[in-house]
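Report on the structure given below.
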Amino acid sequence: MGQLLFTVKKWMNENISAMGEIKLMKGNEAFAEAAIRSGCDAYFGYPITPQSEVMEYLAYQEPHKRTGMVLLQAESEVAAINMVYGAAGTGKRVMTSSSSPGISLMQEGISYMAGSELPCLIMNVMRGGPGLGTIQPSQSDYFQTVKGGGHGDYRMIALAPASVQEMSDFVKLGFELAFKYRNPVVILSDGIIGQMMEKVELFPQQPRLTEFDQSWATTGKPPGRKRNIITSLDLDPAKHEKHNEKLQEKYHRMCENEVRFEKIGCDDAEYLIVAYGSCARISQKAIKLAREKGIKVGLLRLITLYPFPYVEIGHLAGKIKGILSVELSAGQMIEDVRLAVEGRVKVALHNRMGGMVPTPEDVFHALVKSFSIG
Amino acid sequence: MKLEEIVKPENLVYVKTGLMTEKPLSFCPGCGHGVVHRVIMEVIDEMGIQADTIGIAPVGCSVLAYEFMDIDMQQAAHGRAPALATGIKRCWPGKFVFTYQGDGDLAAIGTAETIHACNRGENIAIFFVNNGIYGMTGGQMAPTTLEGMRTSTTPFGRDVALMGNPLKITELVAQLPGTYFVARHSVHTPLAVRKFKKAARMAFENQRLNKGLSFIEIVSNCNSGWKMPPVQANKWMEENMFPFYPPGDIKVNGEPVRKAEKPE
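Taken in order, these protein sequences are the chains called A and B. If you're matching positions, the first sequence starts at 10 in the numbering used here and goes up one per residue. If you're matching positions, the second sequence starts at 67 in the numbering used here and goes up one per residue.
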């Protein structure tokens, strides 16, 4: 058995580096493979369930041989995010991944990176909380991700993958956005998306950048250039307010340009489900069940959680009878849905917590019950 | 002799180090930080490695080190400087990377980062200024505060039964296989400054040769925190800090330095 496993792994090792091929992979593995293919310069991480496959996959792939990518297991999530900070401050494409309790430990570093305007990619494969919680899937880090998490007024673009394909594709997109805005970008995944296996079409290997914008980065001060400083500190309140205003202007630009979502069956819909990640996949089946029963339900699948599609939801709210927010939390995203709806239609919640997951039938029945359909 | 004659290049006995910026130092008069800053910048200047050096500033009195050192620098969260240095050095093995940290930063909140960077043998230099007190926040107890020493959070002296013992982290990291050069110095006399400068040079030369981690503790004073005038603070340091934190090499070329055995 061990020999077979080794042979299979060896085969994968030899074949996966080819271009654009289709594979059956775990979400976490697809993410790790995409990291190497995206031309990422370094990954720093610390093991935690349910995302340990990321570093395991990378270690087995020996990315220093494939692309020269640095891989280092840190002594803690605190150290990992600060290694990311250091490397990102030199203009490199750097990433880390963790799960909920580990992401909590990273919040200080994330706040510093937002304050110092450093690009990086962070994946959170959410598990249930609070505290050590459970290793089962959850979406209860929504507030932490989109409302701040660390101290200070900062925001991060949050991408929510709903398939193994997106676990791969969002690595590339995430790095693009991180460098476009010089800001941390979060891939907010969950234990289902991270652990499930699906077909994935891997994008071709991109080269690691040897020439990139170093005008702001700390790579050593050559003669004639002003020294570069990476810091989030300014003891002059007037100057620090200006810095905060600059950050807010950047977040405003994100809201103008980066809202992403997918509309499924929304054109003739009388009811709307809003969901992201694994809940969007479950809800996709639920709207099919509803339509078989003649109930016209659409699904708005959120791809960016920040920026949030307030305008689109507000627009849809004017055309439908009710919205159901489906989430694996006590009801976090629903607060943003309600802000978008501004009381125009009824907004109901269907949720599970603590690692429990609803079935499509559960969601369908919740929809019927919430809006007294039929 | 007129002033104009004195400042003629041939008459100068001291000039400002080239790699120190024009910004006046924000440290208290008599504090050792300014000298440590200057010595490190002198070494980088003399080695001609400014274009390849990245420094990490800590949280504490030297948080603004990047205002005074004319090199590319990053400012770290409290205690995390060795992690930043690791991230940089792993991506840029050819660059020179150093951290500049105080006792609270390196030996309390950042102990894990310190020990693991040392244990991995990261090819960096760590400069650790130990004055036995939290200067920036107003003189609270540090991990290196001596037994019986008064601080604003130990107003009746550090009671080790209650607050634990002062931490000799320099001796601790010298035990780790990843450290190549570990030494303790001071900067309170011209001789001490020259010795420290020699060690600082060795720390950067070790990096050039990929030897592993160089760790230099600088036992220093804190006139404001200790509530003493500078001369008295230096005397107090010699009489009280040096017996517990004795200056000298602890590990050279990866080998522990054997102390001469005391005669019976």
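Think of the CB as a built atom: it goes at the ideal place given N, C-alpha and C, for glycine as much as any other residue.
Separation of Thr177/B and Gln223/A (C-alpha to C-alpha, rounded to the nearest whole angstrom) is 32 Å.
Selection Ala299/B, Leu130/B, Ala117/B, His99/B evaluated against Asp245/A yields Leu130/B as nearest (Cα-Cα). The bridge partners DSSP lists for Ser106/A are Met132/A. A residue is called buried when at least 16 other Cβ atoms come within 10 angstroms of its Cβ; Trp292/B meets this threshold and is buried.
Those residues of the stretch 178–189 of chain B placed with their C-beta closer than 7 Å to a C-beta in chain A are Ala178, Glu179, His182, ordered along the chain. Taking the beta carbon of Lys82/B as reference, no residue of chain A falls within 7 Å; the closest one sits roughly 16 Å away. With fewer than 16 other beta carbons inside 10 angstroms of its own, Leu78/B counts as exposed. Straight across, the Cα-Cα distance linking Leu228/B with Thr220/B is about 10 Å. A direct Cα-to-Cα measurement between Ala147/B and Glu179/B gives close to 8 Å. Within the stretch 77–127 of chain A, the complete beta strand (DSSP E) segments at least 3 residues long are 79–82, 103–107, listed from N- to C-terminus. Within the stretch 129–147 of chain B, the residues whose Cβ lies closer than 9 Å to any Cβ of chain A are, in chain order, Val129, Leu130, Tyr132, Glu133, Met135, Asp136, Ile137, Asp138, Met139, Gln140, Gln141, Ala142, Ala143, His144, Gly145, Arg146, Ala147. Counting C-beta atoms within 10 angstroms of its own C-beta, Arg186/B has 16 or more neighbours from the protein chains shown and is therefore classed as buried. At the C-beta level, Glu117/A and Gly161/A stay beyond 8 Å of one another. In the DSSP assignment, Ala249/B falls within the unbroken beta strand (DSSP E) covering 245–252. Contact between the stretch 259–273 of chain A and the stretch 303–320 of chain A is established, with three or more Cβ pairs separated by less than 8 Å. Among the CB atoms of chain A, one or more fall inside 8 Å of the CB of Thr152/B.
Following the DSSP letters along the chain, one finds Val109/B inside the alpha helix (DSSP H) bounded by residues 99–113.
Residue contact check for Thr105/A against chain B: no CB pair falls below 8 Å.
Between the stretch 228–239 of chain A and the stretch 59–76 of chain A there are fewer than three C-beta pairs closer than 8 Å, too few to call the two in contact. For Glu84/A, at least one C-beta of chain B is nearer than 8 Å to its own C-beta. Listed as beta-bridge partners of Val306/A by DSSP are Tyr280/A.
Less than 8 Å separates the beta-carbon of Leu67/A from that of Leu80/A. When the beta-carbon positions are compared, Met165/A and Pro128/A stay at least 8 Å from each other. In this structure, the CA atom of Tyr132/B is about 12 Å from the CA atom of Ser92/B.
The beta carbon of Leu358/A sits closer than 6 Å to the beta carbons of Ser334, Gly340, Ile343 from its chain, once the five residues preceding and following it are set aside; these are given in chain order. Short of 8 Å from the beta carbon of Leu298/A, and not among the five residues preceding or following it, lie these beta carbons of its own chain, in chain order: Pro369, Glu370, Phe373. Here Leu314/A is buried, its C-beta having at least 16 other C-beta atoms within 10 Å.
In this structure, the CA atom of Gly352/A is about 16 Å from the CA atom of Ser379/A. Neighbours of Val79/A in chain B, taken as residues whose beta carbon is under 7 Å from its own, are Arg156, Cys157 in chain order. Of all residues in the stretch 166–177 of chain B, none places a beta-carbon less than 8 Å from a beta-carbon of chain A. The Cβ-Cβ distance between Asn133/A and Ser198/A falls below 8 Å. Burial state of His73/A is exposed, judged by a 10 Å Cβ sphere holding fewer than 16 other Cβ atoms.
One thing to note: Lys301/B has its Cβ no nearer than 8 Å to the Cβ of Thr245/B. The three-state reading of DSSP puts Lys328/A in coil, since its state is none of H, G, I, E or B. Scanning the stretch 272–320 of chain B from its first residue to its last, the whole beta strand (DSSP E) runs of 3-plus residues come out as 279–285, 314–318. For Glu42/A, the enclosing alpha helix (DSSP H) covers residues 36–46.
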